[in-house]
Each structure stands twice: as structure tokens, then as C-alpha cells.
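Protein chains in written order, with the working numbering: chain W, 781 to 1084; chain U, 61 to 446. Beneath this line is the structure, given in C-alpha cells, with notes to follow.
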Amino acid sequence: MLLVIEQFLNGLQLGITLFLMSAGLTLVFGIMQVINLAHGSFYMIGAYVGATVAALTGSFLLAMLAAVAAAAAVGCIVEILVLRHLYARQHLDQVLATFGLIMFFNELIRIIWGRQPLFMNVPGALAKSIQLLPGLHYPTYRLAVIGSGLLVALFLWLMFAKTKIGMQIRAGSSNREMVGALGVNINLLYTLVFGLGAALAGLAGVMAGPILSVEPGMGESILILTFVVIVIGGIGSIRGAVAGALLVGMVDTLGRAFLPSILRTILAAATADSVAASLSSMAIYILMAAILVWKPRGLFPAHG
Amino acid sequence: MKKLVIGLCALGLTLPTLCFSADPVKIGMITTLSTKAGYLGEEIRDGFKLAIDQEGGKLGGIGVELLVEDDDAKPEKGKQIAERFAQKDGVKIMTGIVFSNVAMAVVPKIIKENVLYLSANAGPSDLAGSGCDPNYFSVSYQNDNLDEVVGQYVTEVGHKNVYLLAPNYPAGKDHLAGFKRFYKGNIAGEVYTKLDQADYAAEIATIRDAGPEAVFFFLPGGMGINFLKQYAQAGLNKTIPLYGPAFSFDERILGAVGDAALGVKNGSQWTHDLDNPANRQFVAAYRKAYNRTPTLYAAQGYDTARLIGSALKATGGTTDLAALRTAVKKADFASVRGNFSFGNNQHPIQDIYIREVIQTETGFTNRTVKKVFTNHVDTYAKECKM
Chain W
781 MLLVIEQFLN GLQLGITLFL MSAGLTLVFG IMQVINLAHG SFYMIGAYVG
831 ATVAALTGSF LLAMLAAVAA AAAVGCIVEI LVLRHLYARQ HLDQVLATFG
881 LIMFFNELIR IIWGRQPLFM NVPGALAKSI QLLPGLHYPT YRLAVIGSGL
931 LVALFLWLMF AKTKIGMQIR AGSSNREMVG ALGVNINLLY TLVFGLGAAL
981 AGLAGVMAGP ILSVEPGMGE SILILTFVVI VIGGIGSIRG AVAGALLVGM
1031 VDTLGRAFLP SILRTILAAA TADSVAASLS SMAIYILMAA ILVWKPRGLF
1081 PAHG
Chain U
61 MKKLVIGLCA LGLTLPTLCF SADPVKIGMI TTLSTKAGYL GEEIRDGFKL
111 AIDQEGGKLG GIGVELLVED DDAKPEKGKQ IAERFAQKDG VKIMTGIVFS
161 NVAMAVVPKI IKENVLYLSA NAGPSDLAGS GCDPNYFSVS YQNDNLDEVV
211 GQYVTEVGHK NVYLLAPNYP AGKDHLAGFK RFYKGNIAGE VYTKLDQADY
261 AAEIATIRDA GPEAVFFFLP GGMGINFLKQ YAQAGLNKTI PLYGPAFSFD
311 ERILGAVGDA ALGVKNGSQW THDLDNPANR QFVAAYRKAY NRTPTLYAAQ
361 GYDTARLIGS ALKATGGTTD LAALRTAVKK ADFASVRGNF SFGNNQHPIQ
411 DIYIREVIQT ETGFTNRTVK KVFTNHVDTY AKECKM
């Protein structure tokens, strides 16, 4: 029973990380109609800047701030220099250009930081496990990640529902020309949205830094999961990103955790292990296919 | 006028070759210098080059020319480079491949083309057993060796059940099989994770629930770093000891993992503190030349170069393959590992150790704990017809 709760928390934590990544990506695609493959690169930049600042200053908080700021800054620069020219173009051109950006950033990271993975410490206060229930220990840091993710989700909701800029972003996703005609600076708005998406990815990166290895190309694996999330959730919708992220996080984690034991009841041990290994890596894609068959536009498609 | 300029240029280009009295022996190194595992190739190359630099551009008194190319960890690219070395550059001795899948694409074909291949790292079982060939030598090990030694040690220490973890690909299965070959206790669980998986929280929770006495894992590169960090964060490093082959515990990985790996026992045929004259001078020279402690890959590169040197010295620099082969097989050189000779399948017969991760003033490294195997022969030697 305790194992189930612990795995549930693991799934939640993965889901939160995916939510941070997919919120930005779905906004960019929904509002600006641009497929941005380089989103994983902002995640990587956040992790690298965070790791470097943490090593220099010893403060995780500073590292987080620096990571988010750096990712946002790079995001804005990328939007101005590259993406602005791609809005009118076909999706294939956007894919090609942003794919090129992936390789550019990977190589840039290698040139600046070298090929070796960087070391990032979990902040001292969070380095232990805490006892949630008798017999259930869970790493404090992962709980902190869950907590921060929920805070960010709350902040995003407040921003979109209650502020003027949120309203403009939502309007811009429905009808870009009209919003421009109404006197809103659409170019600036797009840069801000892109920067926000990049900042969220950078935050996900710096929070993942202590758990995962900070290395060139770390953005690719999470990017694939992120795309699965936004396809499941519905492109352009934050609600979809939340639902999709939690669903993918749970299915992936619980699949990996319990499929071997479930299969062992039906098959021989060795066969069960191999089948379970393959099935659990396929689980989220099977989920995605099933959802698309049922709801082709995703669970909570954005309107307009 | 134009013809005069072209003529002078051509003359200028040919002059350097006219100056050589004897052509240096070309050695082709196909290795992985890019991707996350790029530092493995760098270490092999730097260890190899150290041997050449120590003799001023020679090995065994014969001038050599080292050609290094990056295979990007891709089998097709490795094949192309090998073909180019053999046909365009006339290279007769090749080495350097890091990954077994690249080796399996390159080696079987290239050794049929009158080329001698000495492996400085990859030691796939196919080439140690039925696929053995007179033109193929492994100077490093056979892949399973480093797991076998851990299996033996874990049995000796007395852990009654062990949980196994590896990625779901051929090398993962091989390494776990190597451990199981020598481990005589119970297997509490055998889990294959996705290749390149980043988050092991689910697997760690399952391990905690299963409560084995020890965990043996093979997770090379970034996968190992992630697992070690997360395992320590879950607090399991204090309660369930970890074991593994040396591949997850070289100095570069330890630098990225910090104290999460402290105390982990791992199996290796070499550590920097092995006490023999060849090793002492190697470690000192490597530190001086490159400002870092060598990893086992560098030691393998260095040994390969010195082995080639011993062969070239014995044959007087000839590239006649039969003579070279005989000279290489004698292994008449001072290996940094101490005891070293070749078995019938031309894989090393050597001592294998268990070492422990420790922290020193200069960083994290390994300390030899115990010699577990003396003159260990790999298990595939009997399948080789040579």
C-alpha cells in the first residue's frame, strides 16, 4: 500500500515537471501557431545556468532565479531573431528551423561547458527524506518540486484569468489580426509569451538539475514526453496541459512500477520481465493513440 | 607563369615526404569523441598519445603516426572510417572503438581485410567466442569480466539476495548475465529500464519495497549518474549497498555525482593506485600531461599503445601482419595492470579487482579493496577454435 502511495507521488512529480514544460510549449503552439522543437533547449539552458550559479554562490534560490531569467532572455532573443520570421511559414519550415536550433544550442552548451555532465547539489535543507506516513519515506526535494509546480500552475491561472495581459494573450490566440487592429502590440505580446514559455521550461530544468544529470542533449528526452502531453491534452490549452501532464506522469510511472509484477502473475518470470520492460516504455504512446482515437483534438482542446 | 606557380606548389607539397627516410607506421584510431560518452574516447586517445609522446613520436623505437577519427557512437560511421583508413590511408593497425555495437559493425569485416585490430575498450562476447580471429586482440577485457568479478565478490561477502537493474538492450542483458554467472545467491528481482531513461524514482521505490540485501546495476554514462543521485536522495545508499562494474564509476562520472556514490564497490581490472612501477609512472605522467587523474579507459589506451610498441620493436617496424600478430600475442610489455597475457582467444588473462569509491582532496576516485580474480580467463575462451 505504501509502495502505491510512493509511486503515486513519483507520478505526480513527473507530471508536474511535464506540466511546466508543456504549459510553455502549448501556449506557443496555440497562440503563435509555431511548432517549437527547441523548447527542450530552454530546459537545458535553465539546468546549466542553474547548476553553474549554484556551484558559484551555493544558493539554490539564486540559481533558480538565474536559470529562469537566463531561459527567458534566451527565449526572447530566439523569438526576435528566428521565430518572428517563421509565423507566416509552413509548419515544416518551423520544424526545420527549430530543429536546427536544437543542434545549435547543444553544440553551444558543449563549447561553453564541455561535454562532461555538471554536478548540481540538492539544497541542504531538502536533501533528506521525510516521513509522510509511518513507513513511508519520500525525498523532500521531490515534494518541493510538486509544491512549486502547483504554485506555478496557480500563478498561471491567476495571470490568464485575472490580469489584463492574460486577457490579451487569450484574445491573441483566438484572433491575432483583430487584437492587432485593436491597438495591442502583437509583436511584443508574442515575445512575452515565448519568453514566458521559455522561463517555465528553464524552471523545470533547474529543478530537474539536482535529480538528473545536467548534460548536453538533456532536453530531447523530456521534449518527446512534452509533445505527447500536449497532444493528449489538446494543443493550445493550459487545462489540457495540466490534465495531459498528470495523466502521462502517472501512466509512465505506475506502468514502470507495477507492470512487471502484474505480468508475473500471468507469464513466466523471465518473459514477464522482458514484456514488461517493452510495454512500460510504450505505455504512454499507447495511451496517446487511445485518447486520439476517442478524442482526436485532445482532452481539452482550446477554442478558436 | 601559372604553370610555374603550380609546379612550385606541387614540389613544395612533395618535399616533406621526400625528407622522410622511413615511413612512420600508421595507426588508425576510431573512437567516440562526441555525444555524451565522448570523454571515453578522449581518455583512450589521451592515454594512447601519452605513450607516443613519451617516446617522442615513436612506439618501441619505431616512428608512428596516429590517425584519430570520431565515430559519433554510430556503427555506420565507424565502418566508413575503418574502410577509409584501410583503403585510402593504408592503415594496418587499428584500435580505439568504445562501444560494442560499433565494434560488431566494424571489426568482423575489417580484420578480413588484412588489418590488425586491438580493442582498447569494447570486448563483446561474440568476438571472444565463436567469432574470434587471429587478427583481433582485446587489450582491455571481455565485457562480462567486470560483472563476473562483482558477482564473485558479492557471493564472498555473503549477500543472500540481490536486485538487478540494467537498460533494456543487448549490453544490459550481457552485463547482468555476467554477474549471474558468478553470483551464487538469490536474485530478488531483475528489471530492465528504458535506454536513456532519466528518472528512476519508480524503480527505486520498487527496490525499497522489495528490500534486497544489495543492488547490482549496469547503467552507463548519464543513466548511471541519474540513478546514483536519485538513489542517494531516497536515502537507500545508507541501507542497501550498491554494486556495479567500473563503467559507472570512472573519475569523470564521480565528479558529476558527488558523494552519492561514496562507498560503492565496483569491479575493474585497473585502478590508479595499483602498485607496480609501470602504473606509478603512468599515473604521474598522465596527471602531469593532462592535469587530471586517468580513468580506466586512459589506462587501456596506454597499454594498447605500449603493446603495439613492444610488437613493433620485436619486428623492427615491419607491417607484415603475421610477424606483428606473433609479436603482439607475446604481450612482452609492462602493463600498468601488472599481470597480463593473452588467452587462446586473444583476450586478456589478468587480475581483476574490487575497488571502492572514496573522496580525496583532489576529488572523488577509487581505491583498490581486494584482488578477487587472479589470471582470470573469460568464459567464452572455450568456444573459440583458435
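The beta-carbon is built from N, C-alpha and C at its ideal position, and this holds for glycine as well.
In the DSSP assignment, Ile-247 of chain U falls within the unbroken beta strand (DSSP E) covering 246–253. Residue pairing from DSSP leaves His-332 of chain U without any beta-bridge partner. For Glu-995 of chain W, at least one C-beta of chain U is nearer than 8 Å to its own C-beta. Residue pairing by DSSP puts Phe-277 of chain U in a beta bridge opposite U:Leu-225.
Contact annotation: Gly-1029 of chain W and Phe-1080 of chain W have beta-carbon atoms that are not nearer than 8 Å. The C-alpha of Arg-869 of chain W is placed about 58 Å away from the C-alpha of Gly-123 of chain U. Residues of chain W with a Cβ closer than 8 Å to the Cβ of Asp-256 of chain U are, in chain order, Ser-1001. Sequence-distant partners of Asp-873 of chain W (beyond 5 residues in either direction) whose C-beta falls short of 7 Å from its own C-beta, in its chain, are Leu-866. Sequence-distant partners of Pro-903 of chain W (beyond 5 residues in either direction) whose C-beta falls short of 6 Å from its own C-beta, in its chain, are Phe-840.
A distance below 6 Å between beta-carbons, with the five flanking residues on each side excluded, links Val-162 of chain U to the following residues of its chain, in chain order: Asp-131, Pro-135 and Gly-138.
By the rule that beta-carbons nearer than 8 Å mark a contact, Lys-442 of chain U does not touch chain W.
Looking at the DSSP output, Arg-415 of chain U bridges to U:Asn-326 and U:Thr-428.
Asn-351 of chain U and Ile-825 of chain W have their C-alpha atoms roughly 28 Å apart.
Contact of Ala-1037 of chain W with chain U by beta-carbon distance below 7 Å involves Ala-262, Ala-265 and Thr-266. For Pro-996 of chain W, the closest of W:Ala-877, W:Gly-946 and W:Trp-893 by C-alpha to C-alpha distance is W:Trp-893.
Judged by their CB atoms, Val-862 of chain W and Leu-881 of chain W are nearer to each other than the 8 Å cut-off. Contact between Asp-106 of chain U and Ala-358 of chain U is confirmed by a C-beta separation of about 6 Å, below the 8 Å threshold. The beta carbon of Asn-886 of chain W does not come within 8 Å of any beta carbon belonging to chain U, so the residue lies off that interface. Assignment of Glu-125 of chain U by DSSP, reduced to helix, strand and coil, places it in the strand class. Within chain U, no residue has its CB atom less than 9 Å from the CB of Ile-825 of chain W, the nearest being about 17 Å off. Nearest CB-CB separation between Phe-899 of chain W and chain U: below the 8 Å threshold.
In the structure shown, the three-state DSSP call for Val-902 of chain W is coil. Interface flag for Val-251 of chain U against chain W is set, since a Cβ pair is found closer than 8 Å. Not flagged as an interface residue toward chain W: Lys-169 of chain U, since no C-beta distance is shorter than 8 Å. Residue state for Lys-118 of chain U is assigned as strand, using DSSP reduced to three classes. Within the same chain, and ignoring the five residues on either side of Asp-256 of chain U in sequence, no residue has its Cβ closer than 6 Å to its Cβ. Within the stretch 784–811 of chain W, the residues whose Cβ lies closer than 9 Å to some Cβ of chain U are Glu-786, Gln-787, Leu-789, Asn-790, Gly-791, Gln-793, Leu-794 and Thr-797, listed in chain order. The alpha-carbon separation between Val-251 of chain U and Leu-980 of chain W amounts to approximately 34 Å.
In summary, the residues of the stretch 921–951 of chain W whose CB is separated from some CB of chain U by less than 8 Å are Tyr-921 and Arg-922, in the order they occur in the chain.
Under the Cβ criterion of 8 Å, His-871 of chain W is not counted among the residues facing chain U. Boundaries of the alpha helix (DSSP H) harbouring Tyr-357 of chain U: 356–375, taken from the DSSP string.
The three-state reading of DSSP puts Tyr-828 of chain W in helix, counting H, G and I together. By the Cβ-count criterion, Glu-311 of chain U is buried, with 16 or more other Cβ atoms from all chains shown falling within 10 Å of its own Cβ. Cα atoms of Leu-938 of chain W and Lys-944 of chain W: separation of roughly 11 Å, rounded to the nearest angstrom.
Counting only runs that start and end inside the stretch 829–910 of chain W, there is no beta strand (DSSP E) element of at least 3 residues. The beta-bridge partner set that DSSP reports for His-436 of chain U consists of U:Gln-410.
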